[in-house]
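Enquirer: If you read the sequence shown in the working numbering, its first letter stands for residue 106, the second for the next number, and so on.
Quick one: the structure is below, questions incoming.
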Amino acid sequence: MAVPLKVLFVEDRPSDAELMLYELRQAGFAPVWSRVDTEHDFRLALDSPPEVILADYTLPQFNVFHALEIVRGQGLDIPFIIVTGTIGEEVAVECIKQGADDYLLKDRLARLGSAVRQALEAKQAQVERRKAEETRVQLIREQAARAAAEAAQQRLAFLSEASAILTSSLDYQAMLQRLAHLAAPYLADCCIIDIIQDDGTIRRMAIAHADPEWKDVADNLHRHPPRPDSDDPIAKVLRTGEPELVSVIPEHRIEKQGNGSDEEAHVLYALHPTSYLILPLTVRGQTIGAISLILTTTSRQHSPVTVALTEELARRSATAVDNARLYEQSQEAIRLRDEFLASISHDLKNPLGAIKGQAQLLQRRVKREYLSAAERLVKGLATIDSLATKMTAQIDELLDLAGLQAGQHLELHRQPTDLVALAQRVAEECQQITEQVGLRVEVMVPELVGNWDQVRLARVLSNLFENAIKYSPHETTVTVVVKEEERAGNTWAIVEVRDQGIGIPESELTRIFERFYRASNAAGHRKGTGLGLASSRQIVEQHGGTITVYSRTGEGSTFTVHLPIILTPGVETALLTPSAEHPSTAPD
């Protein structure tokens, strides 16, 4: 049965077209044909593309190269066979280069049928190969898309599990340790998480290695975080808040640093990394820690996807740590509040008990002795008055601090006050508290009068004297020095309170004037409210003065108060603040 074939002849001789039709029919084709001999007709014929084009090499106004250019320009993939009277070898090669599938001489048309069949089969094979390649590419794309979807699903699952860990507990050390074990081996071979402490030191919160054989190295690194000022890359990221990615580490550098040959060998090089990524944990514009992902084999790399995933993990981790810290601070504030309430209740109940006892005693004596007990009555009433005054002072202190907490300034009631007489009076009152610690006042001037709030200054002195007595060993003496000094164009009244007590840890000196804060070594001594020093600083500073402390653990403390007697306008009191290194550096 003849095979239908749509043929386009590009031929100006009808007789030659008839010969070609004959040969096609002899080869088993049933041609459906058309003939053109101009470019215009050729373009129109291509609107309904044929299955094969048989073209003469040259036409009067049209040549085969132009025809090939038109076909390829339209993106048509049609077998194109040149049929010509004569053609040289160079021209034939050029025709094939331009896209012709074959060429025949008109005196050898017997070969036309087989040439067309071969061209059609070649085109069909090419189509099948193209389809196979398209199928293969599509399969690869589908596999890649499936792998990408699975990887994305794994990343989402990782972040979901990480979020569950980060919200599972407010114990952020245990939380971060679990997170490190999740990150290694998913994101890296080893994960290290460091946090900056309140004192600026680096605390290693967690470290996990995917290979159990590295456990000893990991445990050692856990005990030895880098120093904040070292050149370790983790310390650098914590200082700058900028991430650091080292994709490839040369082998010689790994061995050099890992063997500790440098004085400042990088901590993480003990793991012999091939690559590392360190990201800061940043929250509310502050760097609070860092997460380090370390690769120890060349088979893994920190890809952009890994970096992006780690950035999200670092963001969530920073928020979780910050929330846990805020919770700790709130719990500490509640604890301090409870301690304060217990302490202030105790401090207020003691005078009330004494007042009640004195009142009952006086009642019994009056009933028994009447007017003969006048002297004892006066003494008892004086005690009641003193205790009531102390309670009033404590309540006033609370009211002052409440006002300051609300952003209000103290309303000072200034009046001419002799600081020498005031210090001596307050010392006598405080000495009545105990006979086990002495309180000696040394005055360098007979009087020292300034325009101050007498009641509040008395409270400052009472706080300082009572603290010194509270933390002093028995059979020791607290020394109070009152003197006058000239400095920076001003006359200053100075009160120094020196004790021989337990001292204050150096790391806590900057916090000792905070509300509710008590030094860590104060355990075992009578509890206090933690308000006295905070209140004293506020009072002194509102008088235009300063209060500082010098202390060494086990060697006692010296608190120094500077009060301006006559303050020259424009002189900054901050310039007059004594050095915290030693009391001898105070203004003179």
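Backbone N, C-alpha and C fix where the C-beta goes; we use that ideal spot for every residue, glycine too.
Quick caveat: nothing in here was measured; it's all calculated off a predicted structure.
In the DSSP assignment, find the alpha helix (DSSP H) that holds ASP736 and state where it starts and stops.
Expert: No answer is possible for residue 736: it lies beyond the span of the chain, which begins at 106 and ends at 693.
Enquirer: Starting from TYR277, trace the alpha helix (DSSP H) in both directions and tell me its first and last residue.
Expert: Counting along the chain, the alpha helix (DSSP H) containing TYR277 begins and ends at 277-291.
Enquirer: Do the CB positions of ILE175 and LEU113 come within less than 7 Å of each other?
Expert: no
Enquirer: Leaving out the 5 sequence neighbours to the left and right, which residues in its chain are closer than 7 Å to SER268 when beta-carbon positions are compared?
Expert: ARG421
Enquirer: Keeping to the same chain, check which residues put their C-beta closer than 7 Å to that of ALA289; ignore five residues upstream and five downstream.
Expert: CYS295, CYS296, ALA313, HIS314 and ALA315
Enquirer: From what residue to what residue does the beta strand (DSSP E) around ASP337 run?
Expert: Run containing ASP337: none; DSSP gives neither H nor E here.
Enquirer: What residue from ALA526, ASP558, CYS535 and GLY543 has the CA that sits closest to LEU517's CA?
Expert: With distances taken between Cα atoms, LEU517 lies closest to ASP558.
Enquirer: Does DSSP put HIS518 in a helix, in a strand, or in coil?
Expert: Residue state, collapsed to three classes: coil.
Enquirer: Could you name the residues of the same chain whose beta carbon sits closer than 8 Å to that of GLU547, not counting the 5 residues immediately before and after it, in chain order?
Expert: THR584, VAL585, VAL586 and VAL587
Enquirer: For ASN364, is the classification buried or exposed, using 16 other Cβ atoms within 10 angstroms of its Cβ as the cut-off for buried?
Expert: The pLDDT assigned to ASN364 is 46, lower than 50, so where the model puts this residue is not dependable; a value taken from the coordinates is nonetheless given after this. ASN364 should be labelled exposed.
Enquirer: Assign ILE187 to one of three DSSP states: helix, strand, or coil.
Expert: strand
Enquirer: Assess, as a yes-or-no matter, whether the region 196-209 is touched by the region 181-188 under the definition of 3 or more beta carbon pairs within less than 8 Å.
Expert: yes
Enquirer: Looking at the structure shown, is ARG118 part of a helix, part of a strand, or coil, going by DSSP?
Expert: coil
Enquirer: If you measure between the beta carbons of THR596 and ILE670, is that distance less than 7 Å?
Expert: Yes.
Enquirer: May I have the straight-line CA-CA distance separating ALA340 from PRO551, to the nearest angstrom?
Expert: 57 Å
Enquirer: Just curious, the beta strand (DSSP E) that THR306 is in, first and last residue?
Expert: In the DSSP assignment, THR306 falls outside any beta strand (DSSP E) and carries neither an H nor an E.
Enquirer: Near VAL351, what residues of its chain come up, given a Cβ to Cβ distance below 7 Å and the 5 sequence neighbours on each side ignored?
Expert: SER380 and TYR381
Enquirer: Taking VAL115 and ALA172 to be in contact with their CB atoms under 8 Å, please state how far apart those CB atoms are, rounded to whole angstroms.
Expert: 6 Å
Enquirer: Exposed or buried, which one is ALA528 when buried takes at least 16 other CB atoms within 10 Å?
Expert: Buried, because 16 or more other Cβ atoms sit within 10 Å of the Cβ of ALA528.
Enquirer: To which residues does DSSP link TYR208 through a beta bridge?
Expert: ILE187
Enquirer: Which residues in the same chain have their Cβ closer than 6 Å to the Cβ of THR55, if we skip the five residues on either side of it in sequence?
Expert: Here the chain covers residues 106 to 693 and nothing more, so residue 55 does not appear.
Enquirer: DSSP three-state call for VAL198: helix, strand or coil?
Expert: Reduced to three states, the DSSP call for VAL198 is helix.
Enquirer: What residues are listed by DSSP as bridge partners for LEU400?
Expert: SER380
Enquirer: Starting from ILE644, trace the alpha helix (DSSP H) in both directions and tell me its first and last residue.
Expert: 637-647
Enquirer: Taking only the alpha-carbon atoms, compute the straight-line gap between PHE618 and LEU569 and give it to the nearest angstrom.
Expert: 12 Å
Enquirer: If you draw a straight line from the alpha carbon of ILE354 to that of PRO378, how long is it in whole angstroms?
Expert: 7 Å
Enquirer: Kindly examine the ligand MG and report whether one of its heavy atoms sits closer than 6 Å to the Cβ of ASP321.
Expert: With respect to small molecules bound, the structure shown includes none, and the ligand MG cannot be examined in it.
Enquirer: In this structure, how does DSSP classify GLN529 when only helix, strand and coil are distinguished?
Expert: helix
Enquirer: Helix, strand or coil: which one does DSSP assign to ILE245?
Expert: Reduced to three states, the DSSP call for ILE245 is helix.
Enquirer: So, ALA293 versus ILE383, is the Cβ gap smaller than 7 Å?
Expert: no
Enquirer: Going by alpha carbons, who is nearest to PHE170 out of GLU199, GLU347, GLN131 and ALA220?
Expert: GLU199
Enquirer: On a CA-only basis, which of GLN282, THR345, LEU181 and PRO333 is nearest THR392? Give me that one, please.
Expert: The shortest C-alpha separation from THR392 is found at THR345.
Enquirer: Using only the alpha-carbon positions, how far apart do ASN428 and THR272 sit?
Expert: Separation of ASN428 and THR272 (C-alpha to C-alpha, rounded to the nearest whole angstrom) is 10 Å.
Enquirer: How far does the alpha helix (DSSP H) with PHE167 in it extend, from its first residue to its last?
Expert: Note, PHE167: premise wrong, no alpha helix (DSSP H); not H, not E.
Enquirer: Going straight from the alpha carbon of VAL666 to that of PRO348, what length do you get?
Expert: 47 Å
Enquirer: Have a look at LEU638 and ALA413 and give me their C-alpha separation to the nearest angstrom.
Expert: 49 Å
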